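Working notes, beginning with the structure itself.
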Amino acid sequence: MKKLYLSTGYLTFILLVIIDIFSIKFLPFGKFGTYLWFFSYLYVAIFACKCFWEIILYIPKKKSIFTSALIIFLLFIIFKNIPLATNLSGETPQEIACALNHIEQSPDKGFRQTCLFGYPARQYFLPTLPSLFFGRSLINLHTGGALYFILGLIIFSSAILKYFNFSLFGDLVGALILSSFFHIDFFNRLLFSFEQSIFPFSFALIISGLFLHYIKDKKNTPLFLFAFILYYLIFSYTPSLSLFFFSLMIIFCLFFNKNINKKQKYFFIFLFISSLLLFLISLGFRNDIQITGDKNITELTSDLLLAFKHLIFQTMGINFVSPVFNFIFIFLILSPLFLFWQNSLASLWAIAVLVIAVISRGYCYYGVDYRLHRALIIFPILFTNFVIILKKLKITKNKYIIKILCAYLIFFLSTGYIYQNQYLNTKLSGQQTLHFNFIKKLEKILAIDPKNKYKTLYFTDKAHKEFVSINDSLQYFIPNLHRQKLEQTDYTKTLSGQVIYVTTNDYSDYSIISKTDQTPYTFNDYKNSQASEASDISKDNTSTQYLIFIK
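To convert, note that position 366 of the sequence shown is 365 in numbering that gives the first Met the number 0; the numbers rise steadily by one, no gaps.
Below you can see the structure in the form of structure tokens.
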């Protein structure tokens, strides 16, 4: 069974490379690549299940209790947040709807297509699975957005345990690192948006876990999975490319390692060359790489100084890490440069990523503090570097080390949970929640079937201001319905169908009252209707009435 797993895994990777090359000229050929891309997830999922089972087996032996508890705790928080409309991002429905449309309609089923802002559509294939199998809903949308992280969480955690031979020391180190996640501000912000911004961090967890698994026993299984993740990085959200190039550096270093056998070195050569080729292929259709912008050197230098000042002293609006974790973060980056120079490559790369995150334009030049969200990807690598250094120090036999780790774990977990909750409690109902609630009630009122003919939602001036971006959500939840503003020139046109009155005091207090009218509706009718029926809709003078036509 293991040989079948390995042989078919290597074959799948090679076939994907071949299809990527051929689909440049023969686009429909890419649909086979899409099928294989979905199939490749199965190998990663099987490995993650194996890792999870291994973690469970060591719980009775008291060698994975703390790490298991943190995994379960993190999963509990994720699944608690999945059904909440307050976590709905404006981008997630657009991304997944785009990928679903490509899978259903594109000649290559999305293999060489892009979605929002020119990002490769392939990165959304795994997140589309819940929607493909169980339909379009908020739960399926958010569950899909969490899948990469869940895989990464399990593989990364098991790798730390295995690297320390499933010892109590390794268990506490693993739990300590997982508790550190709560202190990373952008982890909290991006994970619970369930969109592509968390993908690079998740891939970094997977690739770090595979690396630790590999250097522990030099087996082949992590190698071809490493190849798949490298492939995913190429066709993912732009910050993933920084990890892609770092991974190539690691492959280059491993090639010259005397403890690596020749067959694996040959695979490293193939992986290095094919990965560079695939990266060049991706440049042929992706449009998301925007390094330079309209800022000059002086402005960018000033931004860099502000960014590093902020990283050290937390001088701006959005913290990079919690105040408790700030010194530890700086220590993780700088200590290898001065104390463990043989492990300094990760630190140099992390600093480079921070610099590029600040000076690169991306979609636009956000505020300096928010631009740093692109550097979230550095944390799994820094934690992995810390694990490797920790093992070199050989402090596991120190009689006080277990007590010290337990104390740190309690402190980090309690303060981290408080820090995370402070952010989550600020996520009040906003415009996305308003739109989602409107869409769910609209579905019931109209009993819209996805197979029905295309419908248009006409918003009058006042309503349009509140619902101007509702198409972002509509294209996922009700793809056959779209918003359009009722222009002044359209007021004299006849509109037939339903008229929906919306009354709202704020984003949380929300109701819809519908009226079916079989006769044609003109703008004059609208004015008369609003004047005569507004008092019947709501007794509350503070409420706002909107009039919306569905045609």
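The beta carbon of each residue, even a glycine, is placed where N, CA and C say it ideally should be.
Keep in mind the model is a prediction, meaning the values are calculated, not measured.
| Query | Result |
| --- | --- |
| Supposed close pair residue 230, residue 277 - CB separation, criterion 8 angstroms | 7 angstroms |
| Span of the alpha helix (DSSP H), counted from its first residue to its last, around residue 141 | 137 to 162 |
| Separation of residue 343 from residue 214, as counted between CA atoms | 18 angstroms |
| Buried/exposed call for residue 397, threshold 16 Cβ in 10 Å | exposed |
| Residue 224 and residue 43 closer than 9 angstroms at C-beta | yes |
| Beta-carbon proximity list for residue 105, same chain, < 7 angstroms, skipping 5 on both sides | 112 |
| Reduced DSSP category for residue 480 - H, G, I as helix; E, B as strand; rest coil | strand |
| Residue 456: first and last residue of the uninterrupted beta strand (DSSP E) it sits in | 454 to 458 |
| Beta-carbon proximity of residue 47 to residue 159, cut-off 9 angstroms | no |
| Residue-chain proximity (residue 72, chain D), Cβ-Cβ < 9 angstroms | This model lacks chain D altogether; it includes just one protein chain. |
| Between the CA atoms of residue 49 and residue 3 - distance to the nearest angstrom | 16 angstroms |
| Counted within 10 angstroms of its Cβ, other Cβ atoms place residue 27 as buried (16 or more) or exposed | exposed |
| Beta-carbon gap between residue 98 and residue 84 smaller than 9 angstroms | no |
| Buried or exposed (CB count within 10 angstroms, at least 16 for buried), residue 103 | exposed |
| Neighbourhood of residue 318 by C-beta, 6 angstroms cutoff - its chain only, sequence neighbours within 5 removed | 184 |
| One or two residues paired with residue 95 in a DSSP bridge | Answer is none; residue 95 lacks a bridge partner. |
| Euclidean distance between Cα positions of residue 87 and residue 188 | 12 angstroms |
| Outcome for residue 341 when other beta-carbon atoms lying within 10 angstroms are tallied against a minimum of 16 | exposed |
| Own chain residues within Cβ distance below 7 angstroms of residue 90, not counting five before or after | 115 and 194 |
| Residue 23, buried or exposed, once every other Cβ within 10 Å from all chains shown has been counted against 16 | exposed |
| Secondary structure of residue 379, DSSP reduced to three states | helix |
| Sub-9 angstroms separation of residue 302 and residue 367 beta-carbons | yes |
| DSSP state of residue 290 mapped onto helix, strand, coil | coil |
| Supposed contact pair residue 480 and residue 581 - C-beta distance, whole angstroms, cut 8 angstroms | Since the first and last residues shown for the chain are 0 and 550, residue 581 lies out of range. |
| Validate contact between the stretch 305 to 316 and the stretch 267 to 277 using beta carbons, cut 8 angstroms, 3 pairs | no |
| Chain-order list of residues whose beta-carbon lies under 6 angstroms from that of residue 535 (same chain, five-residue window excluded) | A caution first: residue 535 carries a pLDDT of 36, below 50, which makes its placement in the model unreliable, though a value can still be read off. For residue 535, where only same-chain residues beyond five positions count, there are no Cβ hits under 6 angstroms. |
| Heavy atom of the ligand MG within 8 angstroms of residue 318 beta-carbon | As for the ligand MG, it is missing from this structure, which has no ligand bound. |
| Nonlocal neighbours in the same chain, by C-beta distance under 7 angstroms from residue 234, ignoring five residues either side | 119, 121, 122 and 281 |
| Nearest-angstrom beta carbon gap, residue 394 and residue 167 [assumed within contact, 8 angstroms] | Actually they are not in contact, since the Cβ atoms of residue 167 and residue 394 sit about 13 angstroms apart, beyond 8 angstroms. |
| DSSP state of residue 118 mapped onto helix, strand, coil | strand |
| Residues that DSSP places opposite residue 320 in a beta bridge | 183 |
| contact_flag[the stretch 372 to 391, the stretch 321 to 339] where n(CB pairs < 8 angstroms) is 3 or more | yes |
| DSSP-derived helix/strand/coil call for residue 113 | strand |
| Residue 458 to residue 321 span [Cα, whole Å] | 43 angstroms |
| Length of the line joining the Cα atoms of residue 14 and residue 7 | 10 angstroms |
| Where residue 414 sits in the DSSP three-state scheme | helix |
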